[in-house]
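Colleague: Got a structure here, written out as structure tokens. Questions coming.
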Amino acid sequence: MPGWFADLALALELADAADTITLRRFGAVDLSVEAKPDLTPVSDADRAVESMLHDRLAELRPGDGMVGEEYGATGGNAERRWIVDPIDGTRNFVRGAPVWATLLALQDGDEIVLGVVSAPALGRRWWAVRGEGAWTKREGSSIRPCRVSKVAELDDAFVSYSSLHGWEERGRLDGFLSLTRSVARTRGFGDFWSHMLVAEGAVDISCEPEVNLWDLAALQPIVEEAGGRFSDLSGVDRADGGSVVCSNGLLHDDVLALLSSR
């Protein structure tokens with residue numbers, strides 16, 4: 143059995159365990175929500191999922207490190223580390239909107255080699271391993287491959303984004319508005335979902351001006367294995383650049399040029 147198969151099997155098993163916790167707490171009348179120092183919300187479900195993932199990985203992969211949104215990094219200088227966001231879209235989760243997901247990635251050295259995105263309230267899951275393609279499954283249906291679109295002109299393109307104020311706060315609103323005026327359609331699906339829609343070809347471009355490593359690590363291999371391109375706003379293909387642009391690849395350079403305009 144190849145090593146990647148065992149890693150993927152573990153990641154999917156962990157996603158199942160996370161789904162059990164999050165679905166049980168989604169919409170719970172006793173859900174506890176607090177504000178973190180950066181004023182973003184954190185729920186008891188976020189903490190329960192990350193604690194569970196930490197404990198399971200410590201047991202099953204004691205040589206691996208882990209970095210998570212809520213409790214930071216463990217495992218020191220381990221060559222391999224798991225990067226997790228227990229609930230991407232916590233604001234949606236606490237308001238009862240179903241667009242949220244658990245994100246799990248495995249980084250080996252400098253490369254993110256595996257990603258899993260599990261959105262149980264949507265009945266959706268996406269995953270990829272480097273060199274093995276990207277895949278998705280709807281609840282009650284069969285597994286199918288993810289492939290980006292073949293749209294080659296901005297005039298025909300569909301853009302998804304998370305918000306407008308982030309672009310304004312970073313002095314990039316003019317560039318973002320230039321992009322929206324250059325395409326056929328825009329919608330604010332937001333968070334992980336925008337980028338997974340690019341991976342499966344339903345959307346051609348997605349972008350966010352401010353994101354963290356745990357928001358992006360699981361997404362990068364899925365988008366790239368689906369045939370797309372994944373970069374920060376400067377055009378570097380990385381998940382730790384603090385921003386993200388995803389595309390079908392054919393449109394990427396044009397998108398970066400518009401987003402950098404003032």
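Numbering of the sequence shown is given in the numbering used here, commencing with residue 143 and proceeding in unit increments. Virtual Cβ for every residue (Gly too), placed ideally from N, Cα, C. Just so you know, these numbers come straight off a predicted model, no measurement behind them.
So, with DSSP's three-state summary, where would you put W242?
Modeller: In this structure, W242 counts as coil in the three-state DSSP scheme.
Colleague: G308 and L400 look like a contact to me (Cβ under 8 angstroms); what is the Cβ gap, rounded to whole Å?
Modeller: 17 angstroms between Cβ atoms; not a contact.
Colleague: Restricting to Cα atoms, I'd like to know which of W268, P262 and A270 is closest to I163.
Modeller: The shortest Cα separation from I163 among W268, P262 and A270 belongs to P262.
Colleague: Give the straight-line distance between the Cα atoms of R371 and W242, rounded to the nearest whole angstrom.
Modeller: For R371 and W242, the distance between alpha carbons rounds to 23 angstroms.
Colleague: To the nearest angstrom, report how far apart R166 and D250 are at their CA atoms.
Modeller: One C-alpha to the other measures close to 32 angstroms.
Colleague: Hey, how far is the Cα of A148 from the Cα of R323?
Modeller: Straight-line Cα distance between these residues: approximately 46 angstroms.
Colleague: Give me, in chain order, the residues of the same chain whose beta-carbon lies closer than 7 angstroms to that of A299; leave out the 5 immediate sequence neighbours on both sides.
Modeller: Closer than 7 angstroms at the Cβ level, and outside the excluded window around A299, lie V293, V325, A326, D346, I347 and L393.
Colleague: Check for me: the alpha helix (DSSP H) holding P204 runs from which residue to which?
Modeller: From DSSP, P204 is part of no alpha helix (DSSP H); its letter is neither H nor E.
Colleague: Would you list, in sequence order, the uninterrupted beta strand (DSSP E) runs of no fewer than 3 residues that lie entirely inside the segment 221 to 280?
Modeller: DSSP runs (the beta strand (DSSP E)) wholly in the segment 221 to 280: 222 to 230, 243 to 250, 253 to 261, 266 to 271 and 276 to 280.
Colleague: Nearest by alpha-carbon distance to L152: which of R203, L321, D186 and S193 is it?
Modeller: Comparing Cα positions, the closest option is R203.
Colleague: Is the beta carbon of V301 less than 9 angstroms from the beta carbon of C349?
Modeller: Going by C-beta atoms, V301 is nearer than 9 angstroms to C349.
Colleague: Just curious, the beta strand (DSSP E) that T182 is in, first and last residue?
Modeller: Careful: T182 lies outside any beta strand (DSSP E) and carries neither H nor E.
Colleague: Does the distance from the C-beta atom of L245 to that of V259 stay below 9 angstroms?
Modeller: Yes.
Colleague: Could you round the C-beta distance between L195 and V175 to whole angstroms and report it? I think they count as a contact, below 8 angstroms.
Modeller: The pair is not a contact, with the Cβ atoms about 20 angstroms apart (cut-off 8 angstroms).
Colleague: Measure the alpha-carbon distance for V365 versus D172 and round it to whole angstroms.
Modeller: Approximately 37 angstroms between the Cα atoms of the pair.
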